[in-house]
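*Asks:* Below is a structure I'd like to ask you about.
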Amino acid sequence: MKKIRIKKSVLFIILLVVFLIFRGQSILKIAGDGREYVNFKLVGVKSKIYVYSQTVKSNFNNMLYVNRFIDKAKEDNLDLQILRLKLIELEHEKEENGRLRKLLELDQREGEKYIIAEVILLESVDANEKIYISKGKSQGIETDMPVMSEGALIGRITKVENNYSEVMLLTSKKSKISVLIGNQEIGILRGTGTDRLIVENYNGDIDKDGGKTLRISTSGISDIFPKDIYIGTYNIINPLMLKKTKEISTKPSFNVYNLKEVIVYKFDKNKQLNDEIRDQIKQEEQQQQQQ
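Throughout, the working numbering is defined as the position within the sequence shown, counted from one, plus 7.
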């Protein structure tokens, strides 16, 4: 009788432990989803703190520069110092204009629109996962729109509020996109949560001598990204290793900590579809002519 009671007690304890494990997983999932929701809703507050901290940092650097300038002014002629200061300001403006020109070096074609937005929040914990930008629904931003910087793709819009949006970066562990490698091989570019991007199972032609540079761009096999948006390059340094592992590992073309402004690429999906149909018809006609 005692043995039966002991067995029942053990069975009860096992069932209780199993129940608590599954219950705990559900609670953790709910807590995780709730934390993600609250975090997104707090972007407005966090962004103000982030922008303020950047302003304080900039002002501190300016103060350091002013102190150095004052010390130097004691040694040199004041008029000469004023001229030097103006020259520095002009150089700064030149650099700023050059950076903005690079940002805008995109052809405005029919059915396409580029929306410039500022980076308002970068959280150090998720630095390679996502950023937040200063444009949202009120400015025409929608989910899945491509986001670019200096002519290269950096990610896509994943969440939208009235006046800000979340951008999932290419480096995010959740990021997977179809790409064209070296204008011939299709592959899946994946983020790793670090400053590396990888393509597995690469089967393209590999030059035995090495030194070849492969261009990586969007393949167009998606409703999200139009074809041929530049992503970056991969230099084949060790052809034998690439042939063995069939894995491309490369750095993104952007440094997330240097992102100040980005461009949201708003394109006409219907126009893209029509262009693809026209290209297909043209290819079929060429094939018929060859036959």
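Using N, Cα and C, we set each Cβ at its ideal position, and we do this for glycine too. Here the structure is a predicted model, which means the values were calculated and not measured.
1) Our contact map puts residue 148 next to residue 184 with C-beta atoms below 8 Å; I'd like the distance itself, whole angstroms only.
2) Measuring CB atoms only, is the segment 258-278 touching the segment 137-156, in the sense that at least three cross pairs come out at less than 8 Å?
3) Is it the case that the segment 243-251 contacts the segment 186-206, given that we only count it when at least three CB pairs across the two stretches are under 8 Å?
4) CB residue 237 to CB residue 158, shorter than 8 Å?
5) From what residue to what residue does the alpha helix (DSSP H) around residue 221 run?
6) Using a Cβ-Cβ cut-off of 8 Å (strictly less than) and excluding sequence neighbours within five positions of residue 62, which residues of its own chain qualify?
7) Using the C-alpha atoms, what's the distance from residue 150 back to residue 42?
8) DSSP on residue 288, reduced to helix/strand/coil?
9) Out of 211, 204, 120, point me to the one whose CA is closest to residue 135's CA.
10) Give the secondary structure of residue 177 by DSSP, where H, G and I count as helix, E and B as strand, and everything else as coil.
11) So the candidates are 182, 160, 172; which of them puts its Cα closest to the Cα of residue 206?
12) Please state whether DSSP places residue 248 in a helix, a strand or coil.
13) Looking at the unbroken beta strand (DSSP E) that takes in residue 242, where does it start and where does it end?
14) Assign residue 216 to one of three DSSP states: helix, strand, or coil.
15) Under the assumption that residue 186 contacts residue 137 (Cβ atoms under 8 Å), give the Cβ distance between them as a whole number of angstroms.
16) Tell me the rounded alpha-carbon separation between residue 227 and residue 233.
17) Run the CB neighbour count on residue 145, radius 10 Å, all protein chains shown included, and call it buried at 16 or more, exposed below.
18) Could you pull out every residue in the same chain whose Cβ sits closer than 7 Å to the Cβ of residue 167, ignoring the five residues on either side in sequence?
19) For the beta strand (DSSP E) that contains residue 257, what are its first and last residues?
20) Measuring straight from C-alpha to C-alpha, what distance separates residue 239 and residue 223?
21) Quick check on DSSP: helix, strand or coil for residue 234?
22) DSSP on residue 310, reduced to helix/strand/coil?
23) In terms of DSSP beta bridges, what is residue 139 paired with?
24) Assuming residue 159 is part of the beta strand (DSSP E), what are its boundary residues?
25) Mind checking residue 139: buried by the 16 CB within 10 Å criterion, or exposed?
*Replies:* By the coordinates alone:
1) Numbered from its first residue, the sequence shown carries residue 148 at position 141. Numbered from its first residue, the sequence shown carries residue 184 at position 177. Actually they do not touch by this definition, with Cβ atoms about 19 Å apart.
2) Contact holds: three or more Cβ-Cβ distances are below 8 Å.
3) Here the segment 186-206 does not lie against the segment 243-251, with fewer than 3 beta-carbon pairs under 8 Å apart.
4) In the sequence shown, counting from the first residue as 1, residue 237 sits at position 230. In the sequence shown, counting from the first residue as 1, residue 158 sits at position 151. Yes, these two residues count as a Cβ contact at 8 Å.
5) Sequence index remark: in the sequence shown, residue 221 carries index 214 (1-based). Careful: residue 221 lies outside any alpha helix (DSSP H), inside the beta strand (DSSP E) at 220-225.
6) Position 55 of the sequence shown, counted from the start, is the residue given in the question as residue 62. Closer than 8 Å at the Cβ level, and outside the excluded window around residue 62, lies no residue.
7) Counted from its first residue, the sequence shown places residue 42 at position 35. Counted from its first residue, the sequence shown places residue 150 at position 143. The straight-line gap from Cα to Cα measures roughly 21 Å.
8) In the sequence shown, the residue the question calls residue 288 occupies position 281. With a pLDDT of 47 at residue 288, under the threshold of 50, the modelled position of this residue cannot be trusted; read the value that follows with caution. Looking at residue 288 - three-state DSSP - the assignment turns out to be helix.
9) Working through the sequence shown from its first residue, we reach residue 135 at position 128. The shortest C-alpha separation from residue 135 is found at 204.
10) If you number the sequence shown from 1, residue 177 lands on position 170. Note: residue 177 maps to coil in three-state DSSP.
11) Taking the first residue of the sequence shown as 1, we reach residue 206 at position 199. Of the listed residues, the one whose Cα sits closest to residue 206 is 182.
12) Along the sequence shown, one-based indexing puts residue 248 at 241. Three-state result, residue 248: helix.
13) Here residue 242 refers to the residue found at position 235 of the sequence shown. Run containing residue 242: 237-242, per the beta strand (DSSP E) assignment.
14) Stepping through the sequence shown from its first residue, residue 216 is reached at position 209. Residue confidence for residue 216 is low, a pLDDT of 49 falling below 50, so the modelled location carries little weight; the figure read from the coordinates is stated next. If DSSP states are grouped into helix, strand and coil, residue 216 belongs with coil.
15) Locating residue 186 in the sequence shown gives position 179, counting from the first residue. Locating residue 137 in the sequence shown gives position 130, counting from the first residue. No, residue 186 and residue 137 are not in contact; Cβ-Cβ is about 20 Å, not under 8 Å.
16) Here residue 227 corresponds to residue number 220 of the sequence shown, with the count starting at 1. Here residue 233 corresponds to residue number 226 of the sequence shown, with the count starting at 1. Each residue's alpha carbon lies about 5 Å from the other.
17) Stepping through the sequence shown from its first residue, residue 145 is reached at position 138. The residue is exposed, with fewer than 16 neighbouring Cβ atoms inside 10 Å.
18) Locating residue 167 in the sequence shown gives position 160, counting from the first residue. Only 143, 144, 148, 149, 150 meet the Cβ criterion.
19) Looking up residue 257 in the sequence shown gives position 250. That run of the beta strand (DSSP E) goes 255-257.
20) Residue mapping note: residue 239 aligns to position 232 of the sequence shown, counting from 1. Residue mapping note: residue 223 aligns to position 216 of the sequence shown, counting from 1. One Cα belongs to residue 239, the other to residue 223, and the distance between them is close to 5 Å.
21) As a position in the sequence shown, residue 234 is number 227, starting the count at 1. Reduced to three states, the DSSP call for residue 234 is coil.
22) Since the displayed the chain opens at 8 and closes at 298, residue 310 lies outside it and no answer follows.
23) Position 132 of the sequence shown, counted from the first residue, corresponds to residue 139. Paired residues: 128, 173.
24) Position 152 of the sequence shown, counted from the start, is the residue given in the question as residue 159. It spans 159-167 - the beta strand (DSSP E) in which residue 159 sits, taken as one unbroken run.
25) By 1-based counting over the sequence shown, the position of residue 139 is 132. Buried is the call here.
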